[in-house]
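Report on one structure; see the data block that follows.
Protein chains in written order, with this note's numbering: chain A, 509 to 678; chain B, 173 to 501.
This is how it looks when you write it as structure tokens:
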């Protein structure tokens, strides 16, 4: 549509440590910008309405649903996608069968990365008392409730996250 | 999604200038509700004014012991703030019981106040909905409405307000600060959301050209011992069927002060003033809590489909007050 082509905004995103300039219609979501315009298809589109968590990425280290935001709102922010994730979590997911079809896995791993940082910073959850302590399974499940797995690999996902959180990953 | 003009505001005056009269224009903060509604073609703004970069994110102590919360404070940051966790634990609990961690990292306090109903008929463009298309009717009445309102509903609309945060704010006597080109005003939280009556499309007292800049909590010592209890269909990441925000001050076995508000039961966070009246001066205990719940819910009207909420609300009120009484000073 010509109207949409005429109405574009130019902005810079930082994705996985690299600055990229985008010129897009303002209604393009961060998820579509990553997948369709930057070719970073590791981030998945599940429900496209904030219910499944498959689109989870990190913005300045905080996990967000990339489907429920306009890409242009994240101009100047540092976005980390599964392609930019380092560390032990991906290997732990493999070791513990933390997936079956794999569609939710990118979102699970990005979410778990953000979750571990939140917990380390003292962020409480709905099952935490006044003093957040050990990352027990009930805490992991509550804190990861924004990521659905329709294959039902939850036990493996919790095992993988617990292993990394407790520092026992090999 | 339809396209629109995008304007990034850098301060409050530029945001107010960009929103103009508010006709056809919307502010966007975290976007968690508005982006979804635009994608579903329910919201169709010509202009979207991005306020996410405005410097309205502080949580500050006020002289006298209250707390001022910037409107763009993220739900997660507010829930974790030491002032909120120690002085108003019901608010921290309400925030943490809402949505998912990802959404709480995005959603703002102002946006949470403005979020729209999750009634399935409001979201279904093929359905009649007086909130979406005034005068078109209400397919929820007579349709699937298990999660609809049992208090304050009308023949035009039986939708509920989905916010957890607002329920705690109602119990705490919060005030919403709003700014427009006409100046700054404060709206008591209890008056901020409207009941549907014959105009369910008018959901709040906020004018289309007004920007929420802050929420203020008054000093409220009894809130240091307060609870938010949420009952829902699954243990996490679901909207409330019924929720209760409560604070209780018991002196020598007598209730000296009580605050109570309900969520999931009405188009607005429901301050339970009838129940509070019954509790005041009554002996602490199960019988008083039951009488208070009954007094509040005597006006409740359920259908065969959602009537379970009335009994659920009654039991949730009693359980929350019992828990507060037993939690020690």
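Ideal placement from N, C-alpha and C gives every residue a C-beta, glycine not left out.
Where the alpha helix (DSSP H) through residue 611 of chain A begins and ends: Careful: residue 611 of chain A lies outside any alpha helix (DSSP H) and carries neither H nor E.
Residue 455 of chain B in three-state terms, based on DSSP: Note: residue 455 of chain B maps to strand in three-state DSSP.
Option in A:642, A:612, A:661 and A:606 with minimal Cα separation from residue 556 of chain A: A:612
Simplified DSSP assignment, three categories, for residue 552 of chain A: coil
Cβ of residue 273 of chain B within 7 Å of any chain A Cβ: yes
C-beta neighbour in chain B for residue 523 of chain A, strict 7 Å: no
Cβ separation of residue 496 of chain B and residue 397 of chain B, assumed to be a contact under 8 Å, to the nearest whole Å: 6 Å
Simplified DSSP state of residue 274 of chain B, which is helix, strand or coil: helix
Close Cβ partners of residue 641 of chain A (< 8 Å) along its chain, the five nearest in sequence each way excluded: Around residue 641 of chain A: no qualifying Cβ.
For residue 391 of chain B and residue 623 of chain A, the rounded distance between their alpha carbons: 32 Å
Check whether residue 281 of chain B and residue 243 of chain B have beta carbons under 7 Å apart: yes
Buried versus exposed, by CB contacts within 10 Å (16 or more), residue 518 of chain A: exposed
Bounding residues of the beta strand (DSSP E) (the contiguous stretch that carries residue 420 of chain B): 414-423
Outcome for residue 310 of chain B when other beta-carbon atoms lying within 10 angstroms are tallied against a minimum of 16: buried
Sheet register partners of residue 302 of chain B (DSSP bridge): DSSP output for residue 302 of chain B lists no bridge partner at all.
Residue 282 of chain B Cβ short of 6 Å to the ligand MG heavy atom set: Summarising the ligand content, the structure contains no ligands, and the ligand MG is consequently not present.
Residue nearest to residue 415 of chain B in terms of C-alpha spacing, selected from B:269, B:180, B:235 and B:189: Nearest to residue 415 of chain B by alpha-carbon distance, out of B:269, B:180, B:235 and B:189, is B:269.
Three-way DSSP call (helix, strand, coil) for residue 254 of chain B in this model: helix
Proximity below 7 Å, CB of residue 400 of chain B to CB of residue 266 of chain B: With respect to the 7 Å criterion, residue 400 of chain B and residue 266 of chain B are classified as neighbours on the basis of their beta carbons.
Contact set for residue 502 of chain B: own chain, Cβ-Cβ below 6 Å, skip 5 residues either direction: Because chain B here runs from 173 to 501, residue 502 of chain B falls outside it and cannot be looked at.
Residue 198 of chain B, DSSP secondary structure in three states: strand
Residues bridged to residue 537 of chain A (per DSSP): A:578
Contacts around residue 419 of chain B, its chain only, beta-carbon distance under 6 Å, and the 5 residues preceding and following it disregarded: 394, 395, 398 and 431
Proximity of residue 404 of chain B and residue 334 of chain B at Cβ, strictly below 7 Å: Not a contact, by the Cβ cut-off of 7 Å.
Local Cβ density within 10 Å of residue 663 of chain A, reported as buried at 16 or more and exposed below that: exposed
For residue 368 of chain B, three-class secondary structure by DSSP: coil
Contacts that residue 570 of chain A makes with chain B (C-beta to C-beta distance below 7 Å): 277
Assigned exposure category for residue 238 of chain B - 16 Cβ within 10 Å defines buried: buried
Boundaries (first-last residue) of the beta strand (DSSP E) holding residue 529 of chain A: 526-532
Chain B within 7 Å of residue 616 of chain A, Cβ atoms only: no
Neighbour list for residue 651 of chain A in chain B, Cβ cutoff strictly below 7 Å: 273
Alpha carbon of residue 569 of chain A to alpha carbon of residue 472 of chain B, nearest angstrom: 46 Å
Bridge partner(s) assigned by DSSP for residue 432 of chain B: B:418
Cβ-Cβ separation, residue 276 of chain B to residue 246 of chain B (assumed contact under 8 Å), whole Å: 7 Å
Beta-carbon proximity list for residue 363 of chain B, same chain, < 8 Å, skipping 5 on both sides: 377
8 Å CB neighbourhood of residue 515 of chain A in its chain, flanking five on each side removed: 533 and 534
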